[in-house]
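Right, one structure below, let's go through it.
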Amino acid sequence: MILLEMKNIQKQFDDLQVIKDISLNVKEGEVVAIIGPSGSGKSTLLRCATLLENIDSGEISYLGERVDYEDHENLKKIHRYFGLVFQNFNLFPHFSVLKNVADPLIHVQKMNKVKAHDIAKQVLDKMGLKEKELAYPFQLSGGQQQRVSISRALALNPKILFFDEPTSALDPELTGEVLRVIKDLAKENMTMVIVTHEMLFAKEVADRIIFMDQGVIVEEGTPQEVFEETKQVRTKAFIRQVGQ
Amino acid sequence: MNLSVLLSELGRGMLVSIEIFVLTLMISLPLGLVIAFGRMAKHRVIRTIFKIYISIMRGTPLMLQLMVVYFGPYYLFGLSLPRGYRFWAVIVGFGLNYAAYFAEIYRGGIESMPMGQYEAAKLLGYGKAQTFFRIILPQVIKRIIPAITNEVITLVKDTSLAFVISVTEMFTVAKALASAQANMIPYVSAGVFYYLFNFVVATTMEKIEKKLSYYR
């Protein structure tokens with residue numbers, strides 16, 4: 001089943017065409033990693049997919065329902081299909097860890113408090129944060145904060161989870177714990193789209209690799225196809241450059 | 245006149261000062277938020293109107309504004325208002341003036357919030373009002389408390405301006421007593437009262453600031 005369908009997406013900022021006619025489907029259970037040099041448009045693509053940016057042309061559909069930016073009810077419904085984990089976490093600093101995860105359940109999904117806290121605790125426990133429920137974000141390491149942010153997205157039970165360079169803001173010794181959590185989610189068949197600079201991780205976790213450069217998809221395929229049997233010169237150059 | 249009579253006279257004036265202080269804050273703190281929204285409105289005309297409002301309120305003396313509010317209805321429309329209007333003219337004048345200052349403080353605080361907070365809230369499904377009141381405003385308040393404290397302390401002292409339209413707050417009383425007795429004691433006593441008033445205000449604001457320091 002196709003969860004996300006992006007067709008002929010174009011996006012321009014002022015005079016700069018950042019996304020040039022990209023089409024992309026994501027199937028249920030699939031893990032897609034998007035790689036490419038900075039400025040290639042991969043983060044913008046993710047921001048378009050998660051409706052943080054409106055596209056200039058093309059169409060986006062979730063579970064067969066087309067996104068209509070003018071239709072408030074449609075947007076509200078579609079927003080429930082996906083979650084996003086940001087590069088710099090964007091946790092709410094004035095909420096405890098538990099409240100960060102439970103608050104959307106209570107105030108967006110109108111769940112009762114007891115049930116919301118149960119779910120939040122369950123997810124946090126799974127993310128290895130049981131002891132941190134009452135802490136505030138500033139008291140946590142970057143890796144822990146990113147795991148809270150993953151918990152917050154997961155608690156809403158999305159069909160598809162997006163990651164925008166989830167380890168780029170972390171100290172090198174903290175990336176492991178976050179990557180491990182994402183790998184665990186992959187094992188549970190969570191559908192994920194991950195923009196990342198971690199080539200080894202992408203190779204290991206993804207079913208499909210998409211290499212983007214200058215606003216287009218240059219090459220895509222299984223990790224084997226993209227990393228070992230590379231066809232495009234640009235992809236080769238990029239992979240060589242990042243030391244893969 | 246002995247000291248206890250003097251103090252009780254000043255004390256009665258102080259109650260009026262406190263009334264002006266409390267009512268002004270009750271009006272200007274919420275009104276300031278509304279004006280801040282007007283000042284940040286997408287619509288250019290609305291934005292400009294509020295910008296001009298703030299500019300006038302900050303650019304002209306509060307004393308003059310009080311006189312306009314008090315005498316305006318009579319000179320402009322020939323309305324004769326009841327005696328009690330004096331006090332309410334002070335409250336309206338102070339409320340409108342302080343709201344302009346608070347509006348700029350709110351605006352600064354709101355504009356300093358990182359986009360990521362709005363984006364995270366949007367992704368999680370919070371509506372616009374929920375995002376503002378649950379996520380943004382609490383953080384804004386923490387950021388602007390020091391600036392608000394400054395204004396609130398100034399307000400304590402500004403209440404003395406009510407004397408220009410003869411509202412018998414503490415300064416008006418002190419002035420009358422001083423000229424009746426031809427000495428400094430009423431002024432000095434009034435000074436002590438203002439200082440104590442502000443001491444309580446500053447201590448309270450500090451407590452609020454501390455209470456909000458549970459997160460960074």
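Listed in order, the protein sequences are those of chains A and B. Mapping of the first sequence onto my numbering: position 61 corresponds to residue 61, and the numbering continues sequentially without gaps. Take any residue in the second sequence, count from 1 to its spot, add 244: that is its number in my numbering. Each residue gets a CB set at the ideal place from its N, CA and C atoms; glycine is no exception. Since this is a predicted model, take the numbers as computed values, not measurements.
*For A:LEU213, does the three-state DSSP call read helix, strand or coil?*
Looking at the sequence provided, one finds Asp at residue 213 of chain A rather than Leu. Strand, per DSSP.
*asked:* To the nearest angstrom, how far is the alpha carbon of B:TRP332 from that of B:VAL445?
replied: Spanning the two alpha carbons is a distance of roughly 23 Å.
*Count the other C-beta atoms from every protein chain shown that fall within 10 angstroms of the C-beta of B:SER252, then say buried if there are 16 or more, exposed otherwise.*
Its Cβ having fewer than 16 others within 10 Å, B:SER252 is exposed.
*asked:* Quick check on A:TYR69: buried or exposed, where buried means 16 or more other Cβ atoms within 10 Å of its Cβ?
replied: Counting Cβ neighbours within 10 Å, A:TYR69 comes out exposed, since fewer than 16 surround it.
*According to the neighbour-count rule (16 or more other Cβ atoms, all chains shown, within 10 Å of its Cβ), is A:VAL233 buried or exposed?*
A:VAL233 counts as exposed, since fewer than 16 other beta carbons sit within 10 angstroms of its beta carbon.
_Rounded to whole angstroms, what is the Cα-Cα separation between A:SER38 and A:GLU165?_
Using only the alpha carbons, I get a separation of about 11 Å.
*For B:HIS287, count neighbouring C-beta atoms within 10 Å of its own C-beta (all shown protein chains included) and say buried if the count is 16 or more, exposed if not.*
So B:HIS287 ends up on the exposed side.
*Answer yes or no: do B:PHE346 and B:GLY276 have a C-beta to C-beta separation smaller than 8 Å?*
Yes.
*Where do the N-terminal and C-terminal ends of the alpha helix (DSSP H) with B:TYR431 fall, by residue?*
B:TYR431 -> alpha helix (DSSP H) spans 429-455.
*asked:* At the 8 Å Cβ level, is B:PRO382 part of the contact set with chain A, yes or no?
replied: Yes, B:PRO382 counts as interfacial toward chain A.
*List the endpoints of the continuous beta strand (DSSP E) containing B:ASP402.*
Where B:ASP402 is concerned, there is no enclosing beta strand (DSSP E), although the alpha helix (DSSP H) it sits in stretches over 381-402.
*Taking only the alpha-carbon atoms, compute the straight-line gap between A:LEU98 and A:HIS117 and give it to the nearest angstrom.*
Cα to Cα, the separation comes out at about 7 Å.
*Give the interface partners of A:ARG80 over in chain B, defined as CB-CB distance under 9 Å, in chain order.*
Correct list: GLY369.
*Residue interval of the alpha helix (DSSP H) (run including A:ALA33)*: First-last for A:ALA33: 31-35, but that is the beta strand (DSSP E), not the alpha helix (DSSP H).
*Is B:ILE354 helix, strand or coil by DSSP?*
Helix, per DSSP.
*Find the residues of chain B that neighbour A:ASN74, judging by a C-beta separation of less than 7 Å, and give them in chain order.*
By Cβ distance, chain B contributes nothing, its closest Cβ being about 14 Å from A:ASN74, past 7 Å.
_Comparing C-alpha positions only, which one of B:THR292, B:VAL334 and B:LYS454 sits nearest to B:THR268?_
Selection B:THR292, B:VAL334 and B:LYS454 evaluated against B:THR268 yields B:VAL334 as nearest (Cα-Cα).
_Closest by C-alpha distance to A:LEU63, when choosing among A:SER43, A:PHE201 and A:GLU28_ = Among A:SER43, A:PHE201 and A:GLU28, the Cα nearest to that of A:LEU63 is on A:GLU28.
*So is B:ARG378 in contact with chain A if we call contact Cβ pairs under 8 Å?*
At least one chain A Cβ lies under 8 Å of B:ARG378.
*asked:* Does any residue of chain B have a CB that is nearer than 8 Å to the CB of A:ASP88?
replied: The question names Asp, yet the displayed sequence has Asn at residue 88 of chain A. Yes, A:ASN88 lies at the interface with chain B (some Cβ there is under 8 Å from its Cβ).
*Closer than 7 Å, Cβ to Cβ, to anything on chain B: give me those residues from the segment 47-66 of chain A, in chain order.*
From the segment 47-66 of chain A, only THR50 and LEU52 have a Cβ closer than 7 Å to chain B.
_How far does the beta strand (DSSP E) with A:MET192 in it extend, from its first residue to its last?_
It spans 191-195 - the beta strand (DSSP E) in which A:MET192 sits, taken as one unbroken run.
*asked:* Pairs of beta-carbons, one from the segment 303-313 of chain B and one from the segment 365-381 of chain B, closer than 8 Å: are there three or more?
replied: Touching, no.
*Closest residue to A:THR196 among A:LEU4, A:ILE22, A:ASN25 and A:LYS42 (Cα-Cα distance)*: The shortest C-alpha separation from A:THR196 is found at A:LYS42.
*asked:* Can you confirm whether B:TYR350, when its beta carbon is compared against all beta carbons of chain A, has any partner nearer than 8 Å?
replied: False, the Cβ-Cβ gap to chain A never drops below 8 Å.
*Give the straight-line distance between the Cα atoms of B:VAL384 and A:PHE163, rounded to the nearest whole angstrom.*
One C-alpha to the other measures close to 28 Å.
_Only counting the same chain, and skipping five residues up and downstream in sequence, which positions put a Cβ closer than 7 Å to that of A:VAL218?_
Spatial neighbours of A:VAL218 in its own chain (CB-CB distance under 7 Å, excluding positions within 5 residues in sequence) are listed in chain order as PHE211, MET212, GLN232, ARG234 and THR235.
_Residues of its chain near A:TYR81, where Cβ-Cβ distance is below 6 Å and the 5 sequence neighbours each way are ignored_ = Short of 6 Å from the beta carbon of A:TYR81, and not among the five residues preceding or following it, lie these beta carbons of its own chain, in chain order: TYR62 and LYS159.
*Cross-chain neighbours of B:TYR458 in chain A, by beta carbon under 9 Å*: What B:TYR458 touches in chain A: HIS94 and TYR136.
*For the candidate residues B:GLY369, B:LEU247 and B:SER261, whose alpha-carbon lies nearest to that of B:ASP402?*
Nearest option by C-alpha distance: B:SER261.
*B:ASN202 versus B:ASN394 - alpha carbon distance*: Not covered by the structure: residue 202 of chain B. The range shown for chain B is 245 to 460.
*Can a CB atom of chain B be found closer than 8 Å to the CB of A:PRO166?*
Not one chain B Cβ lies under 8 Å of A:PRO166.
*Could you tell me how far apart the beta carbons of A:GLU198 and A:THR167 are, in whole angstroms, since I believe they sit closer than 8 Å?*
Contact check for A:GLU198 and A:THR167: beta-carbon distance about 6 Å, within the 8 Å limit, so the pair qualifies.
*What span of residues does the alpha helix (DSSP H) with B:PHE265 cover, start to end?*
B:PHE265: member of the alpha helix (DSSP H) spanning 247-283, first to last residue.
*For B:ARG227, does the count of other Cβ atoms within 10 angstroms reach 16, so buried, or fall short, so exposed?*
Given a span of 245 to 460 for chain B in the structure shown, any question on residue 227 of chain B remains unanswerable.
*asked:* Contact criterion: CB-CB distance below 8 Å. Does A:LEU274 meet it with respect to chain B?
replied: With chain A covering 1 to 244 only, the question about residue 274 of chain A has no answer from this structure.
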